[in-house]
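> Can you keep this structure in mind? I'll have questions shortly.
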Amino acid sequence: MTPPTASDRSAFGKANPHALATILEASETRRIISATDIYDISGVKLWAGNQPVSTSLQRKLLDRELRQPLETSLVAEDGVSAASLALAFEELLGGGSALLPLLQPHAQRLASLIKGLTLHPVAQLLLTAAQTARPEHYAHAVAAMALNGALMAAGGGDDAAVRLALLCGLLHGVDEMYIGPEHGEAEADRDLDFASYQQLVVHPHVGSLLLAQLTNYPADVARAVAEHR
């Protein structure tokens, strides 16, 4: 892994409290460990590598500037995988979704391509946290993945293009856990106050930074996340 750049540290130099709370909630039932020792910017060791995370980590990270973004230091050992995504896609097909007319003509191809998706550890960590602590967000990500892939397939995209579309759909809201839960999600029948509007407008930018700075996904994935609103 390459050392974090100055821009990495400026965007993710401190642990986001909302994302950390979601990850720690997930760690109560999933095995989320520190892949490396976690240090603050001055070199103080805050957490040992290969140790499960716990609420003690939350206290130690409070207001600490980190040497390396927390997201790149944690791994979900029993987290979301390409196989579990394929299973979730099968459940979507069997669940009477309104998307079925769009998905069914391409279902076999999509299922095969989903099984071959590569999940970067940072994406896997955040998807696992969402699946465990915010299952409705994870279900939405799976549906968006399937819809994106079907639309690209219907438009004549080759396997590489469909695979990229699947990733863009899956990861489009990976940053929603960085928003305070009091701000919620945009709904057609709910008026947003200014603070909530600001949060919802900013969140695609946070997602694009996550993917551009902390993963090795193609730039098109980060761009799709940035523009999805």
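Mind the numbering: the sequence shown is residues 1 to 229 in my numbering, read in order. All C-beta atoms in this analysis are idealised placements derived from N, C-alpha and C, irrespective of residue type, glycine included. Predicted model, so just to flag it, every value in this text is computed and none were measured.
With DSSP as the reference, label K14 as helix, strand or coil.
Locating residue 14 in the sequence shown gives position 14, counting from the first residue. In this structure, K14 counts as coil in the three-state DSSP scheme.
> Sort out for me which residues DSSP pairs V75 with in a bridge.
Position 75 of the sequence shown, counted from the start, is the residue given in the question as residue 75. I33, per the DSSP bridge assignment.
> Using CA atoms only, rank isn't needed, just tell me which of H205, G156, V122 and V174 is closest to M145.
Looking up residue 145 in the sequence shown gives position 145. With distances taken between Cα atoms, M145 lies closest to V174.
> At the level of alpha carbons, what is the spacing between L117 and A107?
One-based indexing of the sequence shown puts residue 117 at position 117. One-based indexing of the sequence shown puts residue 107 at position 107. Roughly 15 Å separates the two Cα atoms.
> Kindly indicate which residue of A26, A161 and L170 has the alpha-carbon position closest to the one of L85.
Here residue 85 is taken as the residue at index 85 of the sequence shown, counted from 1. Nearest option by C-alpha distance: L170.
> Here's the rule I'm using: 16 or more other beta-carbon atoms within 10 Å means buried, otherwise exposed. How should E91 be labelled?
Against the sequence shown, residue 91 aligns to sequence position 91. So E91 counts as exposed.
> Does the beta-carbon distance from E71 to L210 come in below 9 Å?
Within the sequence shown, residue 71 is the residue found at index 71, counting from 1. Within the sequence shown, residue 210 is the residue found at index 210, counting from 1. For E71 and L210, yes; Cβs fall inside 9 Å.
> With DSSP as the reference, label Y217 as helix, strand or coil.
In the sequence shown, the residue the question calls residue 217 occupies position 217. In the structure shown, Y217 sits in coil (DSSP, three-state: anything other than H, G, I, E or B).
> So what does DSSP say about P105, is it helix, strand or coil?
Looking up residue 105 in the sequence shown gives position 105. In the structure shown, P105 adopts helical secondary structure according to DSSP, grouped into three states.
> At what residues does the beta strand (DSSP E) containing L46 begin and finish?
The residue labelled residue 46 in the question sits at position 46 within the sequence shown. Run containing L46: K45 to W47, per the beta strand (DSSP E) assignment.
> What is the rounded straight-line gap between the Cα of A160 and the Cα of H140?
Working through the sequence shown from its first residue, we reach residue 160 at position 160. Working through the sequence shown from its first residue, we reach residue 140 at position 140. Straight-line Cα distance between these residues: approximately 23 Å.
> Over the uninterrupted alpha helix (DSSP H) stretch that includes A88, give me the two end residues.
Taking the sequence shown and counting its residues from 1, the one referred to as residue 88 is at position 88. Residues A82 to L93.
> By a C-beta neighbour count over all protein chains shown, 10 Å radius and 16 as the cutoff for buried, is V44 buried or exposed?
Mapped onto the sequence shown, residue 44 falls at position 44. V44 should be labelled exposed.
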